[in-house]
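Reading through the structure tokens given below for one structure.
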Amino acid sequence: MDVPAHIGIILDGNRRWAKQHGLSALEGHQAGVDALKRAAERALDWGVKELSVFAFSSQNWKRSQEEVDGLMDVFRWLFNSQIEELHENNIRVRVVGSRTGIPQDLHQSIEAGEEQTKDNTRGTVNLLLNYGGRSDITQAVSRIVARGIDPEEVTEDRISGELSTAGMRDVDLLIRTSEYRLSGFLPWESVYAEICFQPDILWPDYDGDALDAAISFYQNRQRRFGA
């Protein structure tokens with residue numbers, strides 16, 4: 025049966041999961057990374073080519089400084105301690121979003137991880153870090169305007185090429201845990217995505233069975249693309 029080439033995941037529930045288990049928010053985010061590794065492995069075993077995960081939105085800077093600092097430490101750990109395992113598993117890692125505000129040492133680790141894994145072919149994991157869908161489109165249009173491009177030459181392909189997601193496939197299946205909203209996740213790239221809400225699952229509890237259920241949902245959809 026048809027397997028989605030590109031799965032997008034809006035992972036949610038790390039903090040609520042931590043509270044339920046008497047843990048700190050940071051420990052909840054660390055458990056979320058473990059869930060991400062499980063989901064990525066299962067997706068790639070299915071033959072999914074691209075997995076995009078909402079790791080940190082441009083709105084998340086509004087959280088407490090303690091939590092933001094903790095999240096930056098989680099990303100440091102991911103790129104400094106886990107990238108080798110991803111590389112050995114032939115997985116490409118790409119970070120999508122604005123680098124503005126990202127600590128310099130983390131920025132350097134991200135660039136090193138992207139460079140190390142850029143030729144891997146099993147599949148790509150896109151981490152949306154400091155990403156917001158509206159701001160990404162706004163910045164893309166601003167760059168087009170700044171170049172003085174005639175309105176007649178502003179095409180969907182041109183806009184796509186200016187986004188931070190340039191080169192990314194359109195999303196086939198969009199998964200949202202814990203909630204029923206899209207939260208600015210890849211609005212341009214998800215225009216024809218099948219959306220699977222799994223509100224009863226907090227992200228750290230996400231496992232292979234949950235991903236299997238989402239893919240089964242996708243396989244039972246009839247995709248028309250507006251036709």
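With our numbering applied, the sequence shown covers 25 to 251. Even for Gly, the Cβ is constructed at its ideal location relative to N, Cα and C.
#### Entry: Nearest to Phe209 (by Cα), restricted to the options Leu50, Ala79 and Asn113
Residue mapping note: residue 209 aligns to position 185 of the sequence shown, counting from 1. Minimum Cα-Cα distance from Phe209 among the listed residues Leu50, Ala79 and Asn113 corresponds to Ala79.
### Query
What runs of the beta strand (DSSP E), each 3 residues or longer, lie entirely inside the stretch 127–205?
Fully contained in the stretch 127–205 are the following beta strand (DSSP E) runs of length 3 or more, in chain order: 147–155 and 197–201.
### Query
Which stretch, first to last residue, makes up the beta strand (DSSP E) that contains Leu50?
By one-based count along the sequence shown, residue 50 stands at place 26. If you look at Leu50, you'll find it isn't in any beta strand (DSSP E); it sits in the alpha helix (DSSP H) that goes Ala49 to Trp70.
### Message
On the DSSP bridge list, what partners appear for Val77?
### Response
In the sequence shown, residue 77 corresponds to position 53, counting from 1. Partner residues in the beta bridge of Val77, as assigned by DSSP, are Ile33 and Leu151.
### Nearest-angstrom beta carbon gap, Thr148 and Lys73 [assumed within contact, 8 Å]
In the sequence shown, the residue the question calls residue 73 occupies position 49. In the sequence shown, the residue the question calls residue 148 occupies position 124. Contact holds; Cβ gap of about 7 Å.
### Query
Nearest-angstrom Cα distance between Phe249 and Tyr216?
If you number the sequence shown from 1, residue 249 lands on position 225. If you number the sequence shown from 1, residue 216 lands on position 192. Taking the straight line from one Cα to the other gives about 6 Å.
### Task
Verify whether the separation of the beta carbon atoms of Val119 and Glu91 is less than 8 Å.
Translated into the one-based positions of the sequence shown, residue 119 becomes position 95. Translated into the one-based positions of the sequence shown, residue 91 becomes position 67. No, Cβ-Cβ distance for Val119 and Glu91 is not below 8 Å.
### Query
Hey, quick one: how far does the beta strand (DSSP E) through Glu218 stretch, first residue to last?
Translated into the one-based positions of the sequence shown, residue 218 becomes position 194. Following the DSSP letters along the chain, one finds Glu218 inside the beta strand (DSSP E) bounded by residues Glu218 to Gln222.
### Task
Please list, in chain order, all residues of the same chain as Ser133 whose beta carbon is under 7 Å from its beta carbon, the five residues on each side excluded.
In the sequence shown, residue 133 corresponds to position 109, counting from 1. For Ser133, where only same-chain residues beyond five positions count, the Cβ hits under 7 Å are Arg100, Phe103 and Asn104.
### Task
Could you have a look at Ile225 and say whether DSSP puts it in helix, strand or coil?
For this step, residue 225 is matched to residue 201 along the sequence shown. Ile225: coil per DSSP, three-state reduction.
### Query
For Arg39, which of helix, strand or coil comes out of DSSP?
For the purposes of this step, residue 39 is identified with residue 15 of the sequence shown, where counting begins at 1. Correct three-state label for Arg39: helix.
### Query
Since Val120 is in the beta strand (DSSP E), which residue starts that stretch and which ends it?
In the sequence shown, residue 120 corresponds to position 96, counting from 1. Secondary structure note for Val120: its beta strand (DSSP E) is the uninterrupted segment Ile115 to Val120.
### Query
Quick one: Cα of Lys61 to Cα of Tyr230, how far?
Residue numbering aside, residue 61 sits at position 37 when the sequence shown is read from its first letter. Residue numbering aside, residue 230 sits at position 206 when the sequence shown is read from its first letter. Cα to Cα, Lys61 sits roughly 10 Å from Tyr230.
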